[in-house]
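Novice:
2 protein chains.
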Amino acid sequence: MPTQVTSMLGSPDAERVSLNQRTTARWSVTEAVDGCCRAGVRWIGLWREDVAAVGIETARRAVDAAGIGVSSLCRGGFFPAAGTAAFEARLADNRSAIDEAVALGTDVLVLVCGGIVGDLTTSRQQVADAIGTLAPYAGERGVRLAIEPMHPMYCADRSVIVTLRQALDLAEQHPVEQVGVVVDTFHLWWDPEALTQVARAGARIASYQVCDWLDPLPDLLLGRGLPGDGVIDIAAFTDAVDAAGYRGPIEVEVFNADVWERPGDDVVADVLATWPVAVLGRDR
Amino acid sequence: MPTQVTSMLGSPDAERVSLNQRTTARWSVTEAVDGCCRAGVRWIGLWREDVAAVGIETARRAVDAAGIGVSSLCRGGFFPAAGTAAFEARLADNRSAIDEAVALGTDVLVLVCGGIVGDLTTSRQQVADAIGTLAPYAGERGVRLAIEPMHPMYCADRSVIVTLRQALDLAEQHPVEQVGVVVDTFHLWWDPEALTQVARAGARIASYQVCDWLDPLPDLLLGRGLPGDGVIDIAAFTDAVDAAGYRGPIEVEVFNADVWERPGDDVVADVLATWPVAVLGRDR
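These protein sequence lines are chains A and B, in that order. Every number in our numbering is 79 more than the matching position in the first sequence, counting from 1. Every number in our numbering is 79 more than the matching position in the second sequence, counting from 1.
#1: By a C-beta neighbour count over all protein chains shown, 10 Å radius and 16 as the cutoff for buried, is Gly184 of chain B buried or exposed?
#2: Report the start-end ranges of each beta strand (DSSP E) in the segment 183–261 of chain A that is 3 residues or longer and not cut off at the edges.
#3: Tell me, to the nearest whole angstrom, how far the beta carbon of Val108 of chain A is from that of Ala144 of chain A; I am working on the premise that it is less than 8 Å.
#4: Applying a beta-carbon distance threshold of less than 9 Å, which residues of chain B neighbour His230 of chain A?
#5: I'd like to know if Gln276 of chain B contacts chain E, where contact means its C-beta is closer than 7 Å to some C-beta of that chain.
#6: Check the Cβ-Cβ distances between Ile195 of chain B and every residue of chain A, and say whether any is below 7 Å.
#7: Quick check on Trp339 of chain A: does DSSP put it in helix, strand or coil?
#8: For Asp208 of chain B and chain A, any beta-carbon pair shorter than 7 Å?
#9: Between Val262 of chain A and Val338 of chain B, what straight-line distance do the alpha-carbon atoms span, to the nearest angstrom?
#10: Anything in chain A within Cβ reach of Asp236 of chain B, meaning under 7 Å, just list it in chain order.
#11: Please work out which residues of its chain come closer than 6 Å, Cβ to Cβ, to Gly307 of chain B, disregarding the five sequence neighbours upstream and downstream, and give them in chain order.
#12: Does the CB of Val241 of chain B have a neighbour CB from chain A at under 7 Å?
#13: Note the first and the last residue of the continuous beta strand (DSSP E) segment covering Cys153 of chain A.
#14: Per DSSP, which one or two residues make a beta bridge with Ser286 of chain B?
#15: Cβ atoms of Gln257 of chain B and Ala217 of chain B: under 7 Å apart, would you say?
#16: Is the segment 317–328 of chain A touching the segment 104–120 of chain B, taking contact as three or more C-beta pairs under 8 Å?
#17: Where does Ser97 of chain B fall in DSSP's three states?
#18: What does a CB cutoff of less than 7 Å around Met80 of chain B pick up in its chain, not counting 5 residues either side in sequence?
#19: By how many angstroms is the C-alpha of Thr200 of chain B removed from the C-alpha of Gly162 of chain A?
#20: Going by the DSSP bridge assignment, what does Glu330 of chain B pair with across the sheet?
#21: Whose C-alpha, out of B:Ala165, B:Val222, B:Val187, is nearest the C-alpha of Gly197 of chain B?
#22: Indicate whether Gly259 of chain B and Ala225 of chain B have their beta-carbon atoms separated by less than 7 Å.
#23: Taking buried to mean at least 16 other C-beta atoms within 10 Å of its own C-beta, is Ala132 of chain B buried or exposed?
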């Protein structure tokens with residue numbers, strides 16, 4: 080493992096790697112930052128509950144001391160709510176998330192928009208309304224709301240926003256510096272027009288996340304694959320995202336119960352070892 | 080239960096109900112036909128392996144003697160294959176399926192197009208090629224190939240055709256009497272443009288299948304819901320399919336391990352009891 084890590088250290092290929100905390104879910108924020116340092120990873124994607132567990136100040140100090148950038152904060156969203164008071168509470172929580180992004184020094188807040196409350200049409204309208212309300216608040220603070228279209232199998236319980244086309248239709252109603260989109264290979268790979276919509280997205284791409292689809296899928300939520308372990312042509316997405324002009328970090332975000340059982344350093348080493356081929360397509 | 084069934088017997092609402100065999104998977108073809116007779120259901124959707132288990136002649140005699148129509152035969156497809164010989168074998172099997180549809184007196188062969196073999200792009204091309212090859216053969220025999228776009232969570236292992244738009248893009252390359260599409264609520268409900276594409280489909284609609292999405296989803300394959308038990312606005316699909324001009328049977332097709340444990344007569348009674356509201360939207 081150390082050999083594999085060393086081979087990527089300082090390489091231009093490795094510069095854009097970002098470790099989303101959910102790939103090494105057992106690590107606290109500070110443990111994950113330390114892990115990134117050991118492996119030479121320069122970016123991290125943080126989660127609000129993990130940040131809260133150590134405190135925002137501690138988290139910020141840890142990334143600053145390590146010289147690591149925060150590529151995104153997960154997650155705002157879950158907008159559909161029953162009744163005005165509940166909806167307002169969701170908006171308030173999202174304003175807090177925007178403030179937390181500022182405090183952590185990242186300009187990307189990932190939105191998992193929320194599943195169905197009541198009916199699908201109303202839920203989708205609530206998402207649109209919430210983003211309209213929050214976009215200026217985010218923009219004034221230098222944070223971009225990044226709408227993440229999620230796999231349609233999560234439409235009922237996690238995100239009524241399910242395609243990149245739909246996310247862009249929403250995002251384009253707002254200034255580009257206020258609202259962008261997340262391109263996540265796990266959520267989008269099946270869509271015949273995914274790459275066309277990535278091209279359309281252009282400067283709307285606020286975050287690019289990589290994750291593979293295992294076949295058969297071991298579990299709806301915790302059965303995702305490390306890049307290279309599944310059926311997705313991730314390198315084709317990377318090419319498309321590059322061609323669309325995105326030059327930011329590439330987050331590896333893999334919810335997988337088996338991966339979580341492994342030592343975090345081993346997981347990070349595997350990610351770096353497979354990165355040039357699985358994510359960047361260097362074998363072509 | 081008998082009261083509920085009686086309330087639908089002879090009702091115009093019940094005339095279009097079709098029992099897809101997979102809803103009462105433990106019943107043989109002849110048992111399912113008998114069950115339809117007891118409940119006053121006039122249509123059945125058959126599966127090739129169940130037909131093979133009793134023999135085509137027996138199956139045909141059973142439906143004819145009962146005066147029941149065969150709304151569709153499931154399933155042709157699974158076109159992606161490694162190499163020419165394997166692909167030709169798939170075509171041969173599909174020609175057999177077309178012949179079986181003729182022998183059973185149905186004009187609809189449902190296509191579950193198949194998952195990824197090799198890579199996604201090649202697999203999708205093989206599906207297009209296979210349909211192009213088979214369409215005239217089907218048309219000459221009075222059978223329509225009905226492309227079923229399936230939920231994207233099955234893209235890797237069951238169907239690289241995942242949206243109604245994609246299915247129609249394929250179907251429209253062929254005469255309408257040769258190639259149509261299946262509108263199945265379970266597979267399409269999440270798609271923001273589902274109802275728009277149903278309107279586009281018009282006379283291409285060869286089959287309309289209803290099934291609900293349970294939240295949370297108990298199982299990827301065997302966790303589907305009876306109409307009314309989940310989050311899908313099935314009645315909105317029924318309205319859209321009606322407006323598109325489809326006047327044929329409506330198949331209830333529900334893969335659910337718990338439903339399969341129940342007596343078939345009870346399941347059919349439940350379907351008929353909930354049909355007017357859950358499928359036809361009579362409460363509006």
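All C-beta atoms in this analysis are idealised placements derived from N, C-alpha and C, irrespective of residue type, glycine included. The structure presented is a predicted model; accordingly, all values stated were derived computationally and were not measured.
Specialist: Taking the definition as stated:
#1: exposed
#2: 187–191, 223–226
#3: That pair is no contact at about 12 Å.
#4: Pro231, Met232
#5: Note that chain E does not occur in the displayed structure, where the protein chains are A and B.
#6: yes
#7: helix
#8: no
#9: 38 Å
#10: Asp294, Pro295
#11: Thr353, Ala357
#12: yes
#13: 148–156
#14: B:Val261
#15: yes
#16: no
#17: strand
#18: Confidence at Met80 of chain B is low in this model, with a pLDDT of 39, below 50, so its placement is unreliable and the value that follows should be read with caution. Result list for Met80 of chain B: Asp345, Ala348, in chain order.
#19: 45 Å
#20: B:Ser97, B:Gln288
#21: B:Ala165
#22: yes
#23: exposed
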